[in-house]
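Student:
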Amino acid sequence: MSSKPGLSCTAAATPAGEQQQELLNQKLRDHVQKIMEKACETYVLS
């Protein structure tokens, strides 16, 4: 519990961290989309 406030403080202090998080979210979304497409193809083929 004591480490959580420290984490939020450092995140708020760095706007660059926010930008990195946004980039990570976008990469994750792309990754999930690719997996979903692959899963759909596999489902259709089987």
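Mapping of the sequence shown onto the working numbering: residues 42 to 87, in sequence order. Virtual Cβ for every residue (Gly too), placed ideally from N, Cα, C.
Less than 8 Å between C-beta atoms, sequence neighbours within five positions excluded: which residues of the same chain meet that for residue 68?
Tutor: Hits under 8 Å: none found.
Student: Measure the C-alpha to C-alpha separation of residue 82 and residue 70 and round it to an integer number of angstroms.
Tutor: Rounded to whole angstroms, residue 82 to residue 70 spans 18 Å at the Cα level.
Student: In whole angstroms, what is the alpha-carbon distance linking residue 64 and residue 87?
Tutor: Distance between the alpha carbons of residue 64 and residue 87: 35 Å.
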